[in-house]
Amino acid sequence: MTETLEQIIPREGYDLHLIHTKKFKTIHLSLKFTSNLTRENITKRALLPYILQQGTKNYPTAIQLRQHLDELYGTVLAVDSSKKGENHIFTIRLELPNEQYIAGSQDLLDKGIAFLQEIIYQPKLVDQAFDPKIVAREKETLRSKIESLKEDKMSLANTRMIEEMCKEEAYRLRVHGYEEDLDKITAEDLYSYYQQILSQDHLDIFVVGDIEGLDVEGKITALVEERQQQPIEKAMKVTKDSEQTLIEEDDIKQAKLHFGYRTNITFNDGDYPALHVFNGLFGGFPSSKLFMNVREKHSLAYYAASRIESHKGLMFVFSGIAPEQYEKAKTIILEQMEQMRNGEFSDNQLSETKEMTVNQLRETLDNPQGMIELHYQSVLAKSSITPDQLLQKVETVTKEQVINVANKIKLDTIYLLTSKEAEQSEA
Amino acid sequence: MKHKHYQQIEENIYTDTLSNGLRVFILPKQEMAKTFAIFTTNYGSIDQSFVPLNEQDVQTVPDGIAHFLEHKLFEKEDRDVFQDFSKLGASANAFTSFTKTAYLFSATSKVKESLQTLVDFVQDPYFSEQSVEKEKGIIAQEIRMYDDQPDWRAFFGTIKSLYHHHPVQIDIAGTVESIHNITKDDLYTCYHTFYHPNNMVLCIAGNVDPEETMAFIKENQDQKDFEAPEPITRKFPDEPKEVAEKELTITMPVSVPKALVGIKESVIPDNPKAFMEKEWLMDIVLDHLFSKSGVAYERLYEEGLIDQSFSSESHLERNFGFSIIGGNTKDPEKLAQGIKQELLNIQSTSMDYQSFERIKRKKIGQLLRAMNSLEFIANQYTHYQLLGIDFFDSIEWLENLTHADMQDFTQNWIKEEQLSTCFVKADE
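Each protein sequence line maps, in turn, to chains A and B.
According to this note's numbering, the stretch in the first sequence is residues 21 to 447, in order.
According to this note's numbering, the stretch in the second sequence is residues 140 to 567, in order.
Below is the structure:
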C-alpha cells in the first residue's frame, strides 16, 4: 500500500487537513462548518445548501453554474447538511479530476478553487440579501424533500423513534428541518445567518488527492476570509431508568421494528473500539446475530441490523418484518442482546468480527469521501486518534471488553411502525 | 496471459481465457488496501425461455428464478457461504439484474482464500426441497419491501408500459405467487445451463499480483471437470416497436405524485463500436436536456414541475433498451407532457457544437472520477466484456464522437410510438 500522509495545520480561523495519496484520479476539497444543533437554526441550515447551488455573481443562474462545472471536466459541487452527535455540519465540497489524466487540460485546480471561492463568498445577491425569488423557489424544493422523506419508511421509523427517545435533547432535531419554519424565513435573515456560519462556525478544510508539489497550502488561503475559529461542543450523555414502547401506524405492507439503545460510549472513549466489535457481532454484518437469527433462522425479516452512533453514544436496531410477527421478532431481537451480555459468542466469531471490522475501516480509506469522514470523526471528538490507531485498537479487543460493553448498553425505546390493517385485525 | 496498458488513464489489464472457457480479467492497483472480485454469469431475469443443457426443447421457468438461484447458491448442505467469507474477514454480496447474476466480495487481507471461496461456492451448487421452501419466506419479504418503495414501483411500472412481451418487464425478484412454484429441479436446470465457465467472467481489481493470481485461478479450474461448452439457445418473444401502453397509473400511498416517461429502443446495433456509440449518444443527448445543467431541466424547474428527485437513466442491452426520465412532481400530467414535448422536438432544438463538446468533457471527467472505485471498474469492465466491448478502449470512442454524429443520431432516435408514461399517485 502506498503511504497516505495526513498533515493537520492549524491556521488563523480554521484547521487545514492535507491528505496526500496516489489512490485517486481526483482531487477533493471539502469545507466543513460546524455548530450546535438548535431548533432555531436547523431549517435555515437545511435550506442553505439548495440556495448556494442556484447561482453566483458571475454565473447567476443554476444552469450557468452547472455548465461551468461541466466545463471543468464534470467537476462535482456538493453542498449538504448533516448531523453527527449534537453538531450540525454544513459541508461544501468540490471534486475535480486530477489533470495529469486528461490530455490538454490546464490549471484545473486553480480554476476549481477560484470557482469554489465564488460559490461561497459571492452568491447571487439582490440588495445585500439572497435573491428572494431563489429563496422562495428553494423553500418549495426543501418542502418537497421533507414530504418525500415520509416515503422512506425505514428512515421515517428511525426519525420518529429518535424524536421520542431524545425528546429533551438536541439530537432529536430533524436534519432536513421543519416545514412550519419555512414561511418565516426571509431572504435577509437567511443571508445574515449564512454570514454568521462563515465567520463563526468551527471550520475544517480537507484536501485529498495526489497533491504533493501542488502548493495546496498556499492556494487554499483564497477560500477563507477573516474569521474566528470556534471550539466544538460535545453532545449531552443521558441515562434513563425506564424503557418505553411506541406503536404507530402508516399505509405500509411491511412493518418496521426499531430499537434505540444508549451506549453512552463515544469516539474518544476507551471502550469505543470494543463497541465497534460488539456491533459487528450483534448486528453490523450478515454474519451477526441479528441477521442470522431474525432473518436466516426464523425467516422473519428481509433485513435486521444494528448501527452505532459515535458522537452521542447511541445504537439503533433496524428490522423490516411482517406486521403479525411483531411479538416474535421483538423477543428474538431482545434475546440476541441478552446473549451478547452473557458472552454467548465464540472466540472464532470474535476474531472474525474483528477482522471484518478492520477490513471495513480499511476499505473506507480507499474512498476519498470515506477518508475525509473518518478523519473528521477525530475532529468532532477532539481526539488525536488516527484511523490507523483505531484499527490497531480494534485488533486488540478482548471478549471481556465486549461483554463489558454489552452490559453498559441500555435499551431506551422500542418503536414499531405497522400497517393499519394489522391493528384492525387485532382489535 | 495477455497484458494491456492504457496510457492516458494509467491502468493495466491482464487477461486470459482458460481451457474451460472462463474469461479472467485482472486489474492490479497496488495503492489500494482492498481487492474487489466479481464472478458474473451471463444470465439474468430475462433469460426465462431456453433450451436446457443436453436437451432439445425450449423450456420456460417461473418468474424470478435467476434471483432465487442467486440467493440459494449461498446455502450449502452444511453451511452458509456468507459465514465462510466472514471467517476470512471479507464481505460478500451478490446481485441479479436483467441480464446478469454476479457474486462478489471485497477484502483487505487473505485475498487468495476469499477468491477460492468465491469461485468454489459458485461452482458447487447444493439445492434441497427444504431449503428452497425456506427461501420463499425470505424472498417474499424482499418483494414486499420493494412493493412499499414508490421509486421502484414507478421504475418497473414504466418498463411494463413499454413492453408487450419481452421478459424485461417481469420484476427481477418475481412475485410472491411466481416464486411459490420454483422447485429444486428448476434451479438445477438453470444452473447447469447458465453457470458453465464458458458463460462466465471473473474480474479482479485491487491489491493483487496479476501473475500469481492468474496462476492460482488456473490451478483451481484445472482441478474441476466441466462438460464441453455448448452455445446456449435462448428464446425471446417478438416485440413490437411501439409501446404496450401509452399510459399506466399505479395507485399507492405517496405524499408527492410521480411521473416518468419511458423511451423504448427499437434498433440495437450488433457492432460493438456502434452499440457503444449509441449508448454514449443517448447519454449525451439526455444529459443535454435533463441533467442539472440541462436546458429542459432548467425550463421544468422554473415552471415548478420538478424537484431534486428528477433524473434520467438509460439501459442498453443486446436485445432491449430503454431510457426513463422523470421524478416527483405536483402536476404529473403537465410534467409528462413537458418531457414528451422535449423528446419529440430533439431534431429541431439542436444542441450546438459548444454544448456537445462541454458535455463530452463532463463525461470524460465523470469516468475518471468513477475510476476511483474498484467496484465501478470491475462492474463496468465485466458488463461491457459480456457485450464484446473493451470498456477502457471505448473511452477513446467517446473522445472521437463528433457533433455531426450526434446530429445524425437525433434525426432518427425518437418517434411518438416509442414513448410511454407511468404515474404514481395516491388514492383520491
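C-beta: ideal position from N, C-alpha, C; glycine also.
Just so we're clear, the structure is a prediction, and the values are computed from it rather than from any experiment.
Buried versus exposed, by CB contacts within 10 Å (16 or more), residue i
i	result
W291/B	exposed
N379/A	buried
A398/B	buried
I553/B	buried
E375/A	buried
Q550/B	exposed
Y198/A	exposed
E556/B	exposed
I341/A	buried
T468/B	buried
L483/B	exposed
P343/A	buried
V400/B	buried
I29/A	exposed
E443/A	Since pLDDT at E443/A reaches only 49, below the 50 mark, its modelled position is unreliable, and the value read off the structure follows with that caveat. Exposed, since its Cβ has fewer than 16 Cβ neighbours within 10 Å.
G203/B	buried
Y191/A	buried
L210/A	buried
K385/B	exposed
L25/A	exposed
Q27/A	exposed
D432/A	buried
R59/A	exposed
DSSP beta-bridge partners of residue i
i	result
L145/A	F150/A
I109/A	T54/A, S102/A
N467/B	K397/B
Terminal residues of the beta strand (DSSP E) in which residue i lies
i	result
H305/B	Counting along the chain, H305/B falls outside any beta strand (DSSP E), and DSSP gives it neither H nor E.
C561/B	558-564
T154/B	150-156
Q288/B	Looking at the DSSP string, Q288/B is not in any beta strand (DSSP E), and its letter there is neither H nor E.
E456/B	Careful: E456/B lies outside any beta strand (DSSP E) and carries neither H nor E.
D363/A	Here residue 363/A turns out to be Gly, not Asp, going by the sequence shown. G363/A -> no beta strand (DSSP E), and no H or E assigned at all.
M256/A	Segment: none, M256/A is in no beta strand (DSSP E) and carries neither H nor E.
H144/B	141-145
P69/A	Where P69/A is concerned, there is no enclosing beta strand (DSSP E), although the alpha helix (DSSP H) it sits in stretches over 62-72.
Q27/A	25-31
G340/A	334-341
Q264/A	264-270
K251/B	Careful: K251/B lies outside any beta strand (DSSP E), inside the alpha helix (DSSP H) at 250-261.
Chain-ordered chain B contacts of residue i [CB-CB under 9 Å]
i	result
L193/A	Ordered by position in chain B, no residue passes the 9 Å Cβ test against L193/A, which lies about 21 Å from the chain.
R113/A	Residues of chain B passing the Cβ test: none, with the nearest at roughly 13 Å.
Residues that residue i contacts on chain A, provided the C-beta gap is smaller than 7 Å
i	result
A246/B	N379
G296/B	Ordered by position in chain A, no residue passes the 7 Å Cβ test against G296/B, which lies about 15 Å from the chain.
K273/B	S319
Within chain B, the residues that residue i reaches when beta carbons sit closer than 7 Å
i	result
Q87/A	S432, R497
Y322/A	I277, Q280, E281, M284
Proximal residues of chain A, C-beta to C-beta of residue i below 9 Å
i	result
D507/B	Reading off the sequence, residue 507/B comes out as Leu, not Asp. Going along chain A in sequence order, the residues near L507/B (Cβ under 9 Å) are K45, T46, Y93, G94, P117, N118, Y121, I122.
A570/B	This structure cannot speak to residue 570/B, because chain B is shown only from 140 to 567.
Contact list for residue i against chain A, beta-carbon separation under 8 Å
i	result
Q269/B	None at all; the shortest Cβ gap to chain A is about 12 Å.
E149/B	Y121
E216/B	Within 8 Å Cβ-Cβ: nothing; E216/B doesn't reach chain A, min ~15 Å.
P167/B	Under the 8 Å cutoff, chain A gives no residues; its nearest Cβ is about 13 Å from P167/B.
E437/B	T81, A82, I83
V393/B	E171
Residue i - containing alpha helix (DSSP H), residue span
i	result
M421/B	411-429
G504/B	492-509
T549/B	542-551
L175/A	Contrary to the premise, residue 175/A reads as Ser rather than Leu in this sequence. Its alpha helix (DSSP H) spans residues 173-185.
K479/B	471-483
S398/A	388-400
H522/B	513-525
Under 8 Å from the C-beta of residue i: neighbouring residues of chain B
i	result
K273/A	R283, D286, D287
R327/A	Residues of chain B passing the Cβ test: none, with the nearest at roughly 15 Å.
beta-carbon residue i near the ligand FAD non-hydrogen atom, thresh 7 Å
i	result
L381/A	Annotation note on the ligand FAD: not contained in the displayed structure, which lists no ligands.
So within the stretch 308-393 of chain B, which uninterrupted alpha helix (DSSP H) runs reach at least 4 residues, ignoring any that extend past its ends? The stretch 308-393 of chain B contains these whole alpha helix (DSSP H) runs: 315-319, 323-333, 349-361.
Contained alpha helix (DSSP H) runs [length at least 4] in the stretch 164-248 of chain B, N- to C-terminal order: Every unbroken stretch of the alpha helix (DSSP H) spanning 4 or more residues and falling wholly within the stretch 164-248 of chain B is given here in chain order: 204-212, 220-226.
Which of the residues in the stretch 119-152 of chain A, read from start to end, lie with their CB under 8 Å from any CB of chain C? Included in the structure are the protein chains A and B, with no chain C among them.
Every unbroken beta strand (DSSP E) within the stretch 203-238 of chain A, with a cutoff of 3 residues, ordered by chain: Segments of the beta strand (DSSP E) lying fully in the stretch 203-238 of chain A: 222-229.
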